[in-house]
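In UniProt numbering, the protein residues as written are 1 to 193.
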């Protein structure tokens, strides 16, 4: 977390520093981005930087927290669907929200695993638990396995699908149609459509 002195900076200066760090971590990777290069790009001396952050990991944490919060806000909470058609429509809406978020915040895409699937895992798993419970209640999910196992499998399948879709985007392709995700999940859940 940023130190108190960072929070006393004007909001636009805080935003500028975090945006420079976000760009560096997204382009160079969370392991490779240099703290010294980030603070130099932000026009901050090394001694001043330590008034704002405890170090590189502290700055990375601040960036990942923001990215996780943005992804969480884009995903929202799972709304209970009344029937299978509404369920699939809600899931498509959720994937569309993530797609729009990625289009509006392209640097977040590079950090989705570290920020959202790893860092906010509890929030993501809670969303999947709600999705699974709703799907089971309305007959979308019929596979007779332990609920916690199904949550775990789905929690692994969604990021795997996202990684595949992201690679398509990075190589200049289009976001896959929702029908592909629906096919994967309906087979996984025991109700091929």
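Ideal Cβ positions, reconstructed from N, Cα and C, are used throughout, including at glycine.
For the pair residue 21 and residue 38, the CB atoms are nearer than the 7 angstroms cut-off.
Within the same chain, and ignoring the five residues on either side of residue 78 in sequence, the residues whose Cβ sits closer than 6 angstroms to its Cβ are 127, 130 and 131. Straight across, the Cα-Cα distance linking residue 14 with residue 141 is about 45 angstroms. Rounded to whole angstroms, residue 47 and residue 11 show a C-alpha spacing of 21 angstroms.
Looking at the backbone, the Cα of residue 92 and that of residue 176 are separated by about 12 angstroms. Look at the beta carbons and you see the segment 64–80 touching the segment 103–113: at least three pairs across the two are nearer than 8 angstroms. At the C-beta level, residue 125 and residue 154 stay beyond 7 angstroms of one another.
Distance from the Cα of residue 180 is smallest, within the candidate group 152, 121 and 95, for 95.
With contacts defined by Cβ atoms closer than 7 angstroms, residue 138 and residue 83 form a contacting pair. If you draw a 10 Å sphere on the C-beta of residue 81, you find 16 or more other C-beta atoms in it, and that means buried.
Between the C-alpha atoms of residue 42 and residue 16 there is a straight-line separation of about 8 angstroms. Taking C-alpha positions only, residue 4 is separated from residue 54 by approximately 11 angstroms.
If you keep only unbroken alpha helix (DSSP H) runs of at least 4 residues inside the segment 45–124, you get 46–52, 56–75, 84–104 and 106–110. The alpha-carbon separation between residue 165 and residue 25 amounts to approximately 21 angstroms.
Take the alpha-carbon of residue 191 and the one of residue 109: they are about 31 angstroms apart. With fewer than 16 other Cβ atoms inside 10 Å of its own Cβ, residue 146 counts as exposed.
Annotation for residue 32: no alpha helix (DSSP H) segment contains it, and DSSP assigns it neither H nor E.
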